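J.:
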Amino acid sequence: MSAEVTGEAADRDVGQTFRDALGRDPGGVFSAPGRVNLIGEHTDHNEGHVLPFAIDRRCRVAAVARDDDTVTVRSAQQPDDVVTTTLDALPRARGWSAYALGTVWALREAGLPGAGWDLVVDGDVPLGAGLSSSAALESAVALAVAELSGSTLDRPSLARAGRCAENDVVGAPVGIMDQAASLLCREGAALLLDCRTLEAHDVALGLEEAGLVMLVVDTRVRHDLADGGYADRRAASLAAAEALGVPALRDATPEMLDRLDGTLLRRARHVVTEQARVHRVVDLLRGGRPAEIGPELTASHASLRDDFEVSVPALDAVVETALEHGALGARLVGGGFGGSTLVLTPAAAADDIAGAVTRRAAVDGHPEPVVREVHPSGGARRER
Ligand code: ADP
Ligand code: MG
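Numbering-wise, our numbering comes out as the position in the sequence shown, counting from 1, plus 433.
1) Can you give me the C-alpha to C-alpha distance between Leu626 and Gly456, rounded to a whole angstrom?
2) For Pro546, is the classification buried or exposed, using 16 other Cβ atoms within 10 angstroms of its Cβ as the cut-off for buried?
3) How many Å lie between Leu658 and Ala669 at the Cα?
4) Out of curiosity, what's the CA-to-CA distance linking Gly561 and Val494?
5) If you draw a straight line from the alpha carbon of Val776 to that of Thr503, how long is it in whole angstroms?
6) By Cβ distance below 6 Å, which residues in the same chain neighbour Cys492 in space, the five residues on each side in sequence not counted?
7) Check whether the Cβ of Ser567 sits closer than 6 Å to any heavy atom of the ligand MG, and report yes or no.
8) Counting only runs of 3+ residues fully inside the stretch 533–614, write out the beta strand (DSSP E) ranges in chain order.
9) Grab the span of the beta strand (DSSP E) containing Ala495 for me, first residue to last.
10) Can you tell me whether Ala526 is helix, strand or coil according to DSSP?
11) What whole-angstrom Cβ distance do Trp538 and Asp514 have, given they're in contact under 8 Å?
12) Can you tell me whether Tyr532 sits near the ligand ADP, meaning its C-beta is under 6 Å from at least one heavy atom of the ligand?
13) Give every residue of the same chain whose Cβ lies closer than 6 Å to the Cβ of Ala750, excluding the five residues on either side of it in the sequence, and list them in chain order.
14) Which stretch, first to last residue, makes up the beta strand (DSSP E) that contains Leu765?
15) If you count every other CB in all the chains shown that lies within 10 Å of the CB of Gln449, and 16 or more means buried, which is it?
16) Please name the residue or residues paired with Asp635 in a DSSP beta bridge.
17) Measure from the alpha carbon of Gly812 to the alpha carbon of each residue in Ala755, Arg490, Arg445, then state which is nearest.
18) Taking the beta strand (DSSP E) that Pro466 falls in, what are its first and last residues?
19) Consider the C-beta atom of Ser508 and the heavy atoms of the ligand ADP; say whether any pair is separated by less than 6 Å.
20) Which residue spans inside the stretch 713–753 form an unbroken alpha helix (DSSP H) run of at least 4?
21) Can you name, in chain order, every residue of its own chain whose Cβ lies under 7 Å from the Cβ of Val745, other than the five neighbours on each side?
22) Would you check whether the ligand ADP has a heavy atom nearer than 6 Å to the C-beta of Trp529?
23) List the DSSP bridge partners of Leu775.
24) With distances taken Cα to Cα, identify the nearest neighbour of Gly595 among Ala496, Leu576, Leu682.
25) Considering only residues of the same chain and omitting the five flanking positions on each side of Ala780, which have a CB-CB separation below 7 Å?
26) Closer than 6 Å to a non-hydrogen atom of the ligand ADP - does that hold for the CB of Gly595?
27) What first and last residue would you give for the alpha helix (DSSP H) that runs through Val679?
28) If you reduce the DSSP assignment to three classes, tell me which class Val438 lands in.
29) Grouping DSSP H, G and I as helix and E and B as strand, with all else coil, what is His482?
30) Any heavy atom of the ligand ADP within a distance shorter than 6 Å of the CB on Val554?
31) For a test of the three-state rule: what should DSSP assign to Val807, helix, strand or coil?
32) Among Ala664, Ala487, Thr652, whose alpha-carbon lies nearest the alpha-carbon of Pro800?
33) Select from Leu671, Asp716, Arg710 the residue whose C-alpha is nearest the C-alpha of Thr696.
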């Protein structure tokens with residue numbers, strides 16, 4: 434596995450950092466994980482299904498309620514930016530603190546009473562690598578603030594608060610998958626999430642028993658196209674649904690695709706076939722056949738590349754190289770136009786694949802990728 438430096442966040446004690454910074458004890462320490470989506474790409478904005486799992490990298494938050502209306506927030510990942518504000522100013526938060534302060538604001542909007550907070554953050558979810566450090570931060574803050582307030586808000590409500598922070602305070606038009614995964618996933622399992630109803634079911638992955646591991650390969654390529662491309666694919670999906678007379682592409686059947694052609698056909702075909710792949714993967718996992726999901730992952734990539742047209746050469750190169758070196762399946766994850774790929778492989782082939790994708794990137798003139806092994810972990814929890 435290529436070396437990776439993430440700091441010693443996993444070994445640091447955020448409770449001690451809190452005491453050092455604030456001179457008193459936190460009321461509690463909470464943590465929430467990052468996530469990766471096994472399959473179901475661009476299905477979320479079509480009201481379909483996604484299948485994320487939480488990973489073994491977490492954001493930790495030590496918190497205590499105050500008796501005035503001040504809110505302070507610090508992060509070991511942003512050591513030069515201690516933020517002090519008031520409850521009234523929360524919706525105007527900017528920069529990294531908007532994720533945390535926006536969550537406090539959204540919980541208050543959801544009816545949580547109480548005064549200000551002192552929050553100290555530390556984590557080892559890499560920032561901006563497609564593993565959703567943002568949802569990990571929001572979810573850890575949401576659980577901390579809710580539990581320490583004695584709130585009865587359930588976890589889906591906490592997930593909605595995190596999403597609300599990201600949509601309305603940070604200003605990022607994200608769906609609810611990341612927060613739902615961070616708050617609802619169980620160790621060793623993925624979460625089958627219906628993005629229309631938010632109905633969620635655990636699906637055991639059974640990777641370890643089968644001698645399999647997942648790698649996330651961050652290509653460190655990000656195209657300027659990403660935001661415009663994402664908006665364009667959303668618009669195309671809506672147009673295709675309208676042309677077919679269905680509320681969302683989630684409701685379209687394979688037979689209906691005959692009524693489309695050209696670009697709309699290809700965009701809709703990705704969503705319709707991806708929905709079917711999600712359900713086949715769930716069936717295979719429930720049948721205890723995790724190795725057999727590999728071809729579905731690879732088919733997802735081909736569909737994202739050829740029909741949805743959101744891949745780039747650096748992502749295709751990782752998928753191709755991983756498969757050549759023993760991977761069972763691989764696909765780009767996230768919106769596309771750069772970012773990461775997910776690779777399913779027998780544990781024995783992981784090092785070989787990491788070396789091969791790194792060499793291939795050098796040959797192709799792409800940035801050196803970062804390869805991380807991820808393990809399906811439990812959702813947000815109180816640590817103490
Ligand atoms: P991703 O969620 O894929 O990691 P985003 O761009 O959505 O990428 O979110 C990353 C941003 O979230 C960071 O740039 C930072 O502003 C904020 N963030 C996430 N985790 C932390 C943390 N532990 N401390 C401070 N800011 C964080
Ligand atoms: Mg994010």
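Backbone N, C-alpha and C fix where the C-beta goes; we use that ideal spot for every residue, glycine too.
Note that the structure is predicted; figures quoted are calculated from it, not measured.
T.: Inspection of the coordinates gives the following:
1) CA-CA distance, Leu626 to Gly456, rounds to 42 Å.
2) The residue in question, Pro546, is exposed, as its Cβ has fewer than 16 Cβ neighbours within 10 Å.
3) Approximately 16 Å, taken between the alpha carbons.
4) Rounded to whole angstroms, Gly561 to Val494 spans 19 Å at the Cα level.
5) In this structure, the CA atom of Val776 is about 45 Å from the CA atom of Thr503.
6) The residues are Ala465, Gly556, Val558, Ala569, Leu570, Ala573.
7) Yes - the ligand MG has a heavy atom lying nearer than 6 Å to the Cβ of Ser567.
8) Whole beta strand (DSSP E) segments, 3+ residues: 550–556.
9) Start and end: 485–498.
10) The answer is coil: DSSP assigns Ala526 none of H, G, I, E or B.
11) About 18 Å separates the beta carbon of Trp538 from that of Asp514, a gap too long to meet the 8 Å contact definition.
12) Yes, the ligand ADP has a heavy atom inside 6 Å of this Cβ.
13) Arg793, Asp797, listed in sequence order.
14) Note, Leu765: beta strand (DSSP E), 762–766.
15) It counts as exposed.
16) Looking at the DSSP assignment, Asp635 forms a beta bridge with Leu624.
17) For Gly812, the nearest C-alpha among the options comes from Arg490.
18) Counting along the chain, the unbroken beta strand (DSSP E) around Pro466 starts and ends at 461–470.
19) Ser508 Cβ: within cutoff of the ligand ADP.
20) Secondary structure remark: continuous alpha helix (DSSP H) runs of at least 4 residues inside the stretch 713–753, in chain order: 727–739.
21) In the same chain as Val745, and ignoring 5 residues on each side of it, the C-beta atoms closer than 7 Å to its own belong to Val654, His656, Phe770, Gly771, in chain order.
22) At least one heavy atom of the ligand ADP is nearer than 6 Å to the Cβ of Trp529, so yes.
23) In the DSSP output, where bridge partners are listed per residue, Leu775 has Val649, Arg764.
24) Checked all of Ala496, Leu576, Leu682; the closest Cα to Gly595 is Leu576.
25) Closer than 7 Å at the Cβ level, and outside the excluded window around Ala780, lie Gly644, Leu645, Val646.
26) Not so, every heavy atom of the ligand ADP lies at least 6 Å from the Cβ.
27) Neither: Val679 is in no alpha helix (DSSP H) and is coded neither H nor E.
28) Model confidence at Val438 stands at a pLDDT of 35, short of 50, so the residue's coordinates are unreliable; what they give is reported in the following sentence. Val438 falls in the coil class under three-state DSSP.
29) Collapsing the DSSP output to three states places His482 in a strand.
30) With a threshold of 6 Å, the Cβ atom of Val554 counts as near the ligand ADP, since some heavy atom of the ligand is closer than that.
31) Here Val807 sits in strand by DSSP.
32) Out of Ala664, Ala487, Thr652, Thr652 has the C-alpha closest to the C-alpha of Pro800.
33) Residue Leu671 holds the alpha-carbon nearest to the alpha-carbon of Thr696 among Leu671, Asp716, Arg710.
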